[in-house]
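Counting in the UniProt record's numbering, the sequence shown runs from 1 upward without gaps.
Working notes, beginning with the structure itself.
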Amino acid sequence: MAEINVSAEGMRASLSEALDRLRKANSDYFELLERALGSSPVPIANQAKEFCAFMQRNVTATFDLGDKLVGAKDMQDALKLQADFFQEQMRSLTDQGRAMSESAMKAAGGMFSPKA
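Okay, structure coming up:
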């Protein structure tokens, strides 16, 4: 039984290290994307930045779930973590959809307003 626990702990450590490397790569990617959007002359750059912020929050939430799952005590704990994550992501998706719709409406309204 001790061998199984050592093996499980080794697996958890390996998964945690892999998640840390993925987080770093993800952070580097979003920094690069933000710099590119910051220097972009495209009129929808602000909306793209907002969308990227949503993506970054969603990816971070997924990494956080991975961290929690690595530490799950048993299958029931893992299933509860996943159910909680799913509910939170649905709430987040609703909020993000609303914010993106408002942003799109503002951008569209600006396209049709009279120029002075």
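For every residue, glycine included, the Cβ atom is placed at its ideal position computed from N, Cα and C.
*asked:* Here's a check: name, in chain order, each residue in its chain whose Cβ is nearer than 7 Å to the Cβ of residue 15, leaving out the five neighbours to either side.
replied: Position 15 of the sequence shown, counting from 1, holds the residue named residue 15. Excluding positions up to five away in sequence, the list reads 70.
Straight-line Cα distance separating residue 21 from residue 46: Walking along the sequence shown from the start, residue 46 turns up at place 46. Walking along the sequence shown from the start, residue 21 turns up at place 21. If I take the Cα positions, the gap works out to 29 Å.
Discussion item. Here's a check: name, in chain order, each residue in its chain whose Cβ is nearer than 7 Å to the Cβ of residue 67, leaving out the five neighbours to either side.
Written reply: As a first step, residue 67 is located in the sequence shown; it is residue number 67 there, counting from the start. Result list for residue 67: 19, in chain order.
Q. Roughly how far, in whole angstroms, is the beta-carbon of residue 65 from the beta-carbon of residue 52, given that I think they are within contact range, below 8 Å?
A. The residue labelled residue 65 in the question sits at position 65 within the sequence shown. The residue labelled residue 52 in the question sits at position 52 within the sequence shown. With 8 Å as the limit, residue 65 and residue 52 do not qualify as a contact, their Cβ atoms being about 20 Å apart.
How about residue 87 and residue 61: are their beta carbons less than 9 Å apart?
Sequence index remark: in the sequence shown, residue 87 carries index 87 (1-based). Sequence index remark: in the sequence shown, residue 61 carries index 61 (1-based). In this structure, residue 61 does not lie closer than 9 Å to residue 87 by Cβ.
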